[in-house]
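Visitor: Numbering (the working numbering), first residue to last: 782 to 925. Quick one: the structure is below, and I'll ask about it shortly.
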Amino acid sequence: MASQRQEVLVLLPSCVDEFVRMAKEEPDEVKEPQDYIQGERGGMGGSKSVKEEPKPDSSATVDPEVSAALAKLNDTDRVVAESQKFCAVMTDSVLGSMGTPVKVDVNGEPVFLCCKGCKSKALRNPEETLAMVAKLKATNTVAR
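This is the structure:
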């Protein structure tokens, strides 16, 4: 009997709460499971919360997928997203690694997120989100 390979989709534990919240509060925003998959990176995010410290970028190479996703932003937004580099919620997710970054207004400031799934979390904690963006920008400026 020949063995068959079967693909299994897994929702990261850090995304379960956000997914359940979206299903209850924003059911129209919930997509089909396959819509959350982008290459080998997954869809709704990583495993870090807004409160965790950002990591400096030690990579000198630029991912072509990231470059293409950032290129879809207008010039002003692209400069801001590049200075932020990582999602303000999932701080280990490089902006552009999950498609075109999502821009949200947080207390009058532009903030970029890796995906729509991070939007409500960023808006629920505006002060923490803005503090994280400031840390990300400071860290990424030093890392260059």
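Think of the CB as a built atom: it goes at the ideal place given N, C-alpha and C, for glycine as much as any other residue.
Starting from the Cα of residue 850, find the closest Cα among 802, 894, 807, 915 and give me that residue.
Guide: Taking only the C-alpha atoms, the option nearest residue 850 is 894.
Visitor: Assign residue 861 to one of two classes, buried (16 or more other C-beta atoms within 10 Å of its C-beta) or exposed (fewer than that).
Guide: With 16 or more Cβ atoms within 10 Å of its Cβ, residue 861 is classed as buried.
Visitor: Leaving out five residues before and five after residue 897 in sequence, what residues of the same chain have Cβ atoms less than 7 Å from its Cβ?
Guide: For residue 897, where only same-chain residues beyond five positions count, the Cβ hits under 7 Å are 810, 883.
Visitor: Might you give, ordered along the chain, the residues of its own chain that have their beta carbon closer than 8 Å to the beta carbon of residue 845, omitting 5 neighbours on each side?
Guide: Counting only Cβ-Cβ distances below 8 Å, and skipping sequence neighbours, we find nothing.
Visitor: Please name the residue in 887, 922, 857 whose C-alpha comes closest to that of residue 905.
Guide: For the residues 887, 922, 857, the minimum Cα distance to residue 905 belongs to 887.
Visitor: Which two residues bound the contiguous beta strand (DSSP E) that contains residue 892?
Guide: 890-894 is the extent of the beta strand (DSSP E) around residue 892.
Visitor: Which two residues bound the contiguous alpha helix (DSSP H) that contains residue 900?
Guide: 900-905 is the span of the alpha helix (DSSP H), which, as asked, contains residue 900.
Visitor: Specify, as a first and last residue, the run of the beta strand (DSSP E) that residue 885 falls within.
Guide: Run containing residue 885: 883-887, per the beta strand (DSSP E) assignment.
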